[in-house]
Structure formats: C-alpha cells, structure tokens
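**Q** Under this note's numbering, residues 15 to 341 are what the sequence shown spells out, in order. Each residue gets a CB set at the ideal place from its N, CA and C atoms; glycine is no exception. Computed from a prediction, not measured in an experiment: that's the story for all the values here. This is the structure I have questions about; it appears just below.
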Amino acid sequence: MVTIRITNDGIRIENENQTKKVRNKGKSLLQLPKNYSIIDIETTGLSPEWNDILEVSSIRIRNNEVVDKFSRLLKPDDFNEVDPYIEKLTGISTNMILESGGEPKEVLGDFLTFVGSDTIVGHNVNFDINFLYDNIKLQFQKEFTNDFVDTYRLSKYYAFPTIKKQSLINLSQLFDLGTTTFHRSLSDSFTTFEIYNKILSELGDDWVPPRKKRHQISHKASDVVGDPEKIDIYNPFYNANVVFTGKLTQFTRTNAQKLIANIGGNPQDGVNKSTNYLVSGVQDSKVINGDYSSKQIKAMKLKQQGQDINIIDENIFIEMLAEHLED
C-alpha cells in the first residue's frame, strides 16, 4: 500500500510494499545546460521491467552545437519478432533487427562510452531513462546515474504553457521544424534538439525556475479528495487527463484516481483525444504476442497520429511524482 503525504516540504510517497523496484538514478534537473547529450530510444513495449530496447540514439552537444551522433539497433536476448503495433509505430521491422541489431551489452557499452558523464536531455525522458537504467544494470551490474533534463516538462510548464499538445510531432509542426520522420530514435533526438533551442530562446540563458508554493495537507491515498488550489502547477500531472488500465499493485484504481484529482489532474475512465497519460499496471505492461489492452491499443494509435499522450507503467508514474517533488 502506498501512502501519499502532501506537506510544506512537498509530496512524500511512502511505500509499504518493499517489493517495488528502486532505481538510484541521477537527478531530474530544471536547468538549461549548454553541454549535454540528447537521447531517445525505441522499445518493444511499455514497461522497462518486461520489455526491451530496439534502438538507442544520442547526439552530443557542446556550446549548443551538435558535435557527434550515435545510433544503433539492438537485438534483444531471446528475440523472436517485432510486435506489429511497434513495427507500425516505429517502422522498425523484424528483418531490420535480425540483420542489423547488435548484442545489447555491446551496444549499451558503446552508448555509455558516448554519453560519458553528460547531463542527459530528452522529451518525456523518464521513459528512456528507466529503460536504459534497467538494461544497463542487467548487462553491467552498474547504475545509470547521469542527471537528466526533460524538454516536455520545460516546454509544458515553463516555456510554452499555452500549447495544449506537447508531443514531439505537434511541437515540430507548430514550430515549422520540417521533421518528416518520427518514432525513430535519431530523428527524434534531432527534433528534441530543435525544441530545446526553442525553449532556450524563450526562457533565456539565465533562466531559473520560479519557487514552488506549497501548502500543508496530509492524507493517505484512500482519504484524498481533489483540491488543486493547494498544489503548485508544476507537478507533471497538473491539469493533465489521466487514465489507468490493468491491475495496479500500489493503489486501488479508485485511490489512484483520487490522487490525480488531489494534485490537480483530471482522472478519466477511458482513452480519448484529450488523454495525456495512460498508466498501466506493471503486470499489464508485460506485452506478449501483441496482447495489449484495448486502452493501450487506442493510446498507441493516437500517439502514432501525433496526440500528446504518454504511455507509462505504474512504477514510472510513482517515480515521476517523486522526482518532481525532490526538485
């Protein structure tokens, strides 16, 4: 059972279930570095615990200029085939993986050498970081601890808060970036770089985030009632439409919906064109032979069409809350 406490020091998530995976990741930063590496990955599914990385890319930035790039396909251990939905979304086929996919340990080792100790930048970067963390720990028994910056967060809450749809596709179209390929990791990395530069121009080199204003509330999740007036607007789920699917392990469905309401979000029963987050129970994120839920299938189709919808599992949902509140 999870207890949510909202105090003067922020929201505290107390997990009484000790089986939850703990990732000792780097810090989520609200900064605008000039030297960094942008990353993006493509995967076989939604959960870093159950699914694999198919492609990883990075571009190295020095003094706001691209100086190098890295992009590789991976052939996961026990690989069989690329799920049809993933192939349709990314364009990565089974033959591409069989012909060009490298061994995960080799590719991830080269990736670690490429990024070094750089601050990582990405769009909805929590998804990428968690996949990389789990796979790097599996292959090398070491933790991926680079600090990271999320362009989605910077754009939505600070630089361009009036833009309703903050997906890479929509931002690329709004800013007339001319991007023609999406859901391939190298192309998405370059699109993220262009969006980062738009954010940098809007906020300025000397930007610092405003101080958060918090008020004291203390509740267990089962007692939470919606009170967005008492929550700062910069939490990742503020004013977001959130749907839960599958069996949750840390919350009941009702309590999860109450939590979203209490931090200023809007819980929804079903996925539609206004949905911003689909949160899947961890076990339900283990996709086998294309066995997605109807909500997951609909969300993936909407994402392919450019909707600003993020598909995450329950653990990432909790970590996103915790990372925001540690800032």
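Indicate whether residue 70 and residue 121 have their beta-carbon atoms separated by less than 8 Å.
**A** yes
**Q** Measure the C-alpha to C-alpha separation of residue 76 and residue 53 and round it to an integer number of angstroms.
**A** Within the model, the alpha-carbon separation for residue 76 versus residue 53 is close to 15 Å.
**Q** Classify residue 319: buried if its beta carbon has 16 or more other beta carbons within 10 angstroms, exposed otherwise.
**A** exposed
**Q** Any chance the segment 279-289 sits against the segment 59-73, with 3 or more Cβ pairs inside 8 Å?
**A** no
**Q** Just mark residue 155 as buried or exposed, buried being the case when its beta carbon has 16 or more other beta carbons within 10 Å.
**A** exposed
**Q** For residue 166, which residues in the same chain have their Cβ closer than 6 Å to its Cβ, ignoring the five residues on either side in sequence?
**A** 137, 138, 180
**Q** Considering only residues of the same chain and omitting the five flanking positions on each side of residue 317, which have a CB-CB separation below 6 Å?
**A** Cβ neighbours of residue 317 beyond the five flanking positions: 323.
**Q** Does DSSP put residue 293 in a helix, a strand or coil?
**A** strand
**Q** Kindly give me the distance between the Cβ atoms of residue 90 and residue 148, rounded to whole angstroms, as I take these residues to be in contact under 8 Å.
**A** Not quite, the Cβ-Cβ distance comes to about 12 Å (not below 8 Å), so this is no contact.
**Q** I'd like to check one pair, residue 163 with residue 43: are the Cβ atoms closer than 8 Å?
**A** yes
**Q** Tell me whether residue 242 sits in a helix, a strand or coil according to DSSP, three-state version.
**A** Because residue 242 sits at a pLDDT of 49, beneath the cut-off of 50, its placement in the model cannot be relied upon, and the following sentence gives the value as read from the coordinates. Of the three classes helix, strand and coil, the one that applies to residue 242 here is helix, per DSSP.
**Q** For residue 216, count neighbouring C-beta atoms within 10 Å of its own C-beta (all shown protein chains included) and say buried if the count is 16 or more, exposed if not.
**A** exposed
**Q** Measuring straight from C-alpha to C-alpha, what distance separates residue 58 and residue 65?
**A** 6 Å
**Q** Nearest-angstrom Cα distance between residue 174 and residue 290?
**A** 16 Å
**Q** Output needed for residue 267: all residues of its chain with C-beta closer than 6 Å, excluding positions within five of it in sequence on either side, in chain order.
**A** 258
**Q** Excluding five sequence neighbours on each side, which residues of the same chain lie with their C-beta closer than 8 Å to the C-beta of residue 314?
**A** 99, 103, 306, 325
**Q** Is the beta carbon of residue 205 closer than 8 Å to that of residue 182?
**A** yes
**Q** Is DSSP giving residue 145 helix, strand or coil here?
**A** helix
**Q** Look at residue 219 and residue 46 and say whether their C-beta atoms are less than 8 Å apart.
**A** yes
**Q** Are the Cβ atoms of residue 252 and residue 213 separated by less than 8 Å?
**A** Not closer than 8 Å, so no.
**Q** Assuming residue 347 is part of the beta strand (DSSP E), what are its boundary residues?
**A** In the structure as shown, the chain starts at 15 and stops at 341, and residue 347 therefore has no counterpart that could be examined.
**Q** Apart from the five residues on each side of it in sequence, which residues of its chain come closer than 6 Å, Cβ to Cβ, to residue 78?
**A** Hits under 6 Å: 48.
**Q** Would you tell me roughly how many angstroms separate the C-alpha atoms of residue 331 and residue 67, rounded to the nearest one?
**A** Taking the Cα positions, residue 331 is about 20 Å away from residue 67.
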